[in-house]
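Trainee:
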Amino acid sequence: MNSHKLGTYAAEAIDLAPPSRTEAVRPAAQPAAQPRWTHIHAPDVRASAVHGTAWRGLRREFKVFLSNPNALFGVAFLLVVAVSALLASLIYPGDPMEMVARPFLWPGQDAAYPLGTDSMGRDVLAGILHGARISLTVGIAATLLGLSAGILIGATAGYFGGLVDDILVKFVEIFQTIPSFVLLVVLVAIAQPTTGTVTVAIALVSWPTVARLTRAEFRAIREKDYVLAARSLGFGHGRIIFREILPNALPPLIVTSSVMVASAILMESALSFMGLGDPNRVSWGSMIGAGRDVIRTAWYLTALPGLAIVFTVLALNLIGDGLNDALNPRFSEER
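Numbering (the UniProt record's numbering), first residue to last: 1 to 335.
Structure representation (structure tokens):
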């Protein structure tokens, strides 16, 4: 009995004994290390991986464009027209509206005037070359102005949506309720008929189509993963619009631009034909208008500048078709 009590007291003494030195200095448990987050900028990621993929895609699209014979014909003809327009002052340094020979020289009748002269003795070839400069200048300048306005308004409407989208869409619809050419004639008739006025007027009637196309592209792209990632990284609206969305919305706009140049050339020619162009400059439309009174006896005065318009517009349309084939993802996948 005594031995049993002694064993019990010994066990209690062991339990109540102070901890050993090694247990006393045991270090406290350290808290788990928190993971370190590293902020990766989206441009850094694109520079390493996406940039190479985009460059390979661009080369593939360029090869597709070069494999299109119709597009190459359009480019070649447009280059000839552009070079002729640039060198017009060197080839024919004088005023193309001055009388240089007797009237109504037919093409080939005089070697000095390969395409003949008009009813006032002006060189037809000089007029076509100088007229190419006016037509291309107005077409390209009006297209650039129309693209700038349309992209700005369409991008704003498509990106922000909501009330901003509703207001801008109504604004676009106001312009589209009036026929484009009727509005163009009214604008030029109100203002002074100069090259600058015609250019601005054509741009004012051209931008609504670009705005609608840009808005549709932005509405489709703004919910993509890379756009949402850019927002989560805190990028501003301007950076997202111009660096993330706009580059991916450019292919259809590039195709549209070639068609816009062709339409602008046709509009300028129509205005000049109606006498609403710049009277101090020769253009293809004004040459057709000047030759319509003698179309039965000297049909070449309207046929030659008319052919220049037809082939230039055809070349631009062929370039547009080639760009569409190269930049359209469905065509790229089929190839």
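Virtual Cβ for every residue (Gly too), placed ideally from N, Cα, C.
Comparing C-alpha positions only, which one of I245, D321, A149 and R243 sits nearest to L204?
Mentor: Per the Cα distances, A149.
Trainee: With DSSP collapsed to three states, give me the class of Y92.
Mentor: Three-state result, Y92: coil.
Trainee: Could you give the residue range of the alpha helix (DSSP H) that holds K170?
Mentor: Residues G162 to Q176.
Trainee: According to the neighbour-count rule (16 or more other Cβ atoms, all chains shown, within 10 Å of its Cβ), is R36 buried or exposed?
Mentor: The predicted position of R36 is uncertain, since its pLDDT is 46 and thus under 50; no value can be drawn from it.
Trainee: How many Å lie between G74 and T195 at the Cα?
Mentor: Cα to Cα, G74 sits roughly 26 Å from T195.
Trainee: Taking all protein chains shown into account, decide if V45 is buried (16 or more other Cβ within 10 angstroms of its Cβ) or exposed.
Mentor: With a pLDDT of 44 at V45, under the threshold of 50, the predicted position of this residue should be treated as unreliable, and no value is reported.
Trainee: How many whole angstroms separate the CB atoms of M267 and L184, which I take to be in contact at a CB cut-off of 8 Å?
Mentor: Contact holds; Cβ gap of about 6 Å.
Trainee: Apply the 10 Å Cβ neighbour rule to A308 and answer buried if 16 or more other Cβ atoms are within range, or exposed otherwise.
Mentor: Counting Cβ neighbours within 10 Å, A308 comes out buried, since at least 16 surround it.
Trainee: The alpha helix (DSSP H) spanning R215 covers which residue range?
Mentor: Taken as a continuous stretch (DSSP letters only), the alpha helix (DSSP H) holding R215 covers T195 to I221.
Trainee: Just to confirm before moving on: does the CB-CB distance between A211 and G154 stay below 8 Å?
Mentor: Yes, they are a contact pair.
Trainee: Flag this pair as yes or no: are the beta carbons of Y300 and P107 separated by less than 8 Å?
Mentor: Cβ atoms of Y300 and P107: closer than 8 Å.
Trainee: Distance check for G238 and V138, CA to CA, integer angstroms please.
Mentor: Cα-Cα distance, rounded: 30 Å.
Trainee: How many angstroms separate the CA atom of T156 from the CA atom of T199?
Mentor: Using only the alpha carbons, I get a separation of about 25 Å.
Trainee: Can you tell me where the alpha helix (DSSP H) holding G285 begins and where it ends?
Mentor: Segment W284 to G291, the alpha helix (DSSP H) holding G285.
Trainee: CB-CB under 8 Å to I254, same chain, minus the five flanking residues each way: which ones, in chain order?
Mentor: These residues qualify, in order along the chain: L323 and L327.
Trainee: Which residues in the same chain have their Cβ closer than 7 Å to the Cβ of S257, if we skip the five residues on either side of it in sequence?
Mentor: Answer for S257: T143 and L147, listed in chain order.
Trainee: Specify the secondary structure class of L318 as computed by DSSP and reduced to three states.
Mentor: It is helical.
Trainee: Just to confirm before moving on: does the CB-CB distance between I134 and R281 stay below 8 Å?
Mentor: Result yes, Cβ atoms of I134 and R281 sit closer than 8 Å.
Trainee: Using three-state DSSP, classify T117 as helix, strand or coil.
Mentor: In this structure, T117 counts as strand in the three-state DSSP scheme.
Trainee: So for D278, helix, strand or coil by DSSP?
Mentor: Of the three classes helix, strand and coil, the one that applies to D278 here is coil, per DSSP.
Trainee: If you follow the alpha helix (DSSP H) that F104 is in, where does it begin and where does it stop?
Mentor: Premise fails: F104 is in no alpha helix (DSSP H) and is neither H nor E.
Trainee: State buried or exposed for T214, treating a residue as buried only when at least 16 other CB atoms are found within 10 Å of its CB.
Mentor: Result: buried.
Trainee: Would you call residue 374 buried or exposed, if buried means 16 or more other Cβ atoms sit within 10 Å of its Cβ?
Mentor: Past the edges of the chain, shown from 1 to 335, lies residue 374, and the structure says nothing about it.
Trainee: Within 10 angstroms of its Cβ, does G285 collect 16 or more other Cβ (buried), or is it exposed?
Mentor: It is buried - the Cβ of G285 has at least 16 other Cβ atoms within 10 Å.
Trainee: Sorted by chain position, which residues of the same chain lie with C-beta nearer than 8 Å to A47's C-beta, five sequence neighbours on each side aside?
Mentor: Note on A47: pLDDT 38, under 50, position unreliable in the model; the coordinate value appears next. If we look at A47 and ignore the five residues flanking it on each side, it has no Cβ neighbours.
Trainee: Counting Cβ pairs, one atom from each stretch, are 3 or more of them under 8 Å apart for the region 172 to 186 and the region 118 to 125?
Mentor: At 8 Å Cβ cutoff, the stretches do not touch.
Trainee: Just the C-alpha distance for D118 and D110, rounded to the nearest angstrom, thanks.
Mentor: Cα-Cα distance, rounded: 13 Å.
Trainee: State the CB to CB distance for the pair A82 and L136, rounded to an integer number of angstroms; the pair is presumed to be in contact (CB under 8 Å).
Mentor: Contact flag correct, Cβ pair sits at about 6 Å.
Trainee: Would you grab the beta carbon distance between L105 and V188 for me? Rounded to a whole angstrom, and I think it's under 8 Å.
Mentor: With 8 Å as the limit, L105 and V188 do not qualify as a contact, their Cβ atoms being about 33 Å apart.
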